[in-house]
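Numbering (the numbering used here), first residue to last: 1 to 316.
Using N, Cα and C, we set each Cβ at its ideal position, and we do this for glycine too.
Model, not experiment: these values are computed from the prediction.
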Ligand SMILES: Nc1ncnc2c1ncn2[C@@H]1O[C@H](COP(=O)(O)OP(=O)(O)OP(=O)(O)O)[C@@H](O)[C@H]1O
């Protein structure tokens, strides 16, 4: 396989702030790579270094060229902050951007792909909703049918149905061989779309791998999350019962988190006896959820920060 994107020892400082602290990464042609990390971790700066929109120390190659030398029709970029002309319609904007390339896609087809249909195509960009605007911006990044697509938080502000539609579109592009570098704060999004995921924290890549490998290495064990009854958690979280399950065979670890009792290491076959043990210890169980580790757990493990996702993503 050939690397479509290469970063070697990339460093970038803004005054005293080190945004990238020696990032090395190779992304294969046709790969979808998800970049995640807390606010300020350096994701946008890495995208900017790779696209030549910010100068950085170290070595960067895009399709075997310097980022500023690569043929621009081969690259699509959706920056995190991007505001096209407000008093053009989506149809006019797409036509305008298409006109920059010798061989662009049909604007109408691109607008259909990103879900801008009907009257929204004919309204000034500035009058569109936030999610509609973001869809138009995604369309602009796709209009030249790029080989490498950089998407910096593409689905921010887009409603759940639109987000899923966009995921389907990105999956189609990936199936067609497009290389995608995606940043996102949605673990569901990166887990669904990415062949590999990189976690940035404090300007360093702290973990890289397939979602499955990362979850196996850092995700911890499956767990039972118990909401205790009797209003104990609300009245005084410090009085939360954390029953000792040491005598149960299975090596369970019990802790309390945000008013819930978390029992790590509970497999599907263990649920009944753990619940019975709660009962025997007089802990009233209001509700319980069994979860398997996912990328949100990896996030917590490798960045040290708790992850609270939107869209019904797990809270840990
Ligand atoms: N133009 C700039 N001038 C000064 N500091 C900057 C600039 N751009 C980024 N930084 C700083 O560099 C660090 C990395 O920022 P960056 O935008 O790359 O993070 P990020 O991971 O994309 O964050 P977010 O999730 O909030 O988008 C931050 O501390 C940020 O304040």
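Just to confirm, are residue 190 and residue 30 a CB contact at a threshold of 8 Å? As a position in the chain shown, residue 190 is number 190, starting the count at 1. As a position in the chain shown, residue 30 is number 30, starting the count at 1. No. Outside cutoff.
Extent of the continuous alpha helix (DSSP H) to which residue 297 belongs: Against the chain shown, residue 297 aligns to sequence position 297. Taken as a continuous stretch (DSSP letters only), the alpha helix (DSSP H) holding residue 297 covers 295-303.
Give the single residue among 42, 24 and 25 whose Cα lies nearest to the Cα of residue 14. By 1-based counting over the chain shown, the position of residue 14 is 14. Taking only the C-alpha atoms, the option nearest residue 14 is 42.
Taking a cut-off of 5 Å, which residues have a beta-carbon closer than that to any heavy atom of ligand 1, in chain order? 14, 17, 19, 39, 40, 41, 42, 43, 44 and 45
Between the alpha carbons of residue 97 and residue 261, how many angstroms are there, rounded? For the purposes of this step, residue 97 is identified with residue 97 of the chain shown, where counting begins at 1. For the purposes of this step, residue 261 is identified with residue 261 of the chain shown, where counting begins at 1. Rounded to whole angstroms, residue 97 to residue 261 spans 54 Å at the Cα level.
Does the beta-carbon distance from residue 183 to residue 147 come in below 8 Å? Locating residue 183 in the chain shown gives position 183, where the first residue counts as 1. Locating residue 147 in the chain shown gives position 147, where the first residue counts as 1. No, these two residues do not count as a Cβ contact at 8 Å.
Classify residue 118: buried if its beta carbon has 16 or more other beta carbons within 10 angstroms, exposed otherwise. Walking along the chain shown from the start, residue 118 turns up at place 118. When all chains shown are included, residue 118 counts as exposed.
Nearest residue (CA-CA) to residue 6, options 12, 50, 18 and 22: Taking the chain shown and counting its residues from 1, one reaches residue 6 at position 6. The shortest C-alpha separation from residue 6 is found at 50.
Where does residue 124 sit, in a helix, a strand or coil, going by DSSP? Position 124 of the chain shown holds residue 124. It is coil, neither helix nor strand.
Test item: CB-CB of residue 131 and residue 168 under 8 Å: For this step, residue 131 is matched to residue 131 along the chain shown. For this step, residue 168 is matched to residue 168 along the chain shown. No; because the gap between Cβ atoms is not below 8 Å, this pair is not in contact.
Assumed close pair residue 348, residue 220 - CB separation to whole angstroms, cut-off 8 Å: As displayed, the chain neither begins before 1 nor continues past 316, which places residue 348 out of reach and without an answer.
Could you give the first and the last residue of the continuous beta strand (DSSP E) run that contains residue 34? As a first step, residue 34 is located in the chain shown; it is residue number 34 there, counting from the start. Residue 34 -> beta strand (DSSP E) spans 32-36.
So what does residue 59 bridge to, in DSSP terms? As a working mapping, residue 59 is identified with position 59 in the chain shown. For residue 59, which the question treats as bridged, DSSP gives the partners 8.
Which residue marks the beginning of the beta strand (DSSP E) containing residue 319, and which one marks its end? Since the first residue shown for the chain is 1 and the last is 316, residue 319 is missing from the structure and cannot be characterised.
Three-state secondary structure assigned by DSSP to residue 266: Reading the chain shown from its first residue, position 266 is the one you call residue 266. It is coil, neither helix nor strand.
Measuring CA to CA, which of 52, 37, 166 and 145 is closest to residue 105? Within the chain shown, the letter at position 105 stands for residue 105. With distances taken between Cα atoms, residue 105 lies closest to 145.
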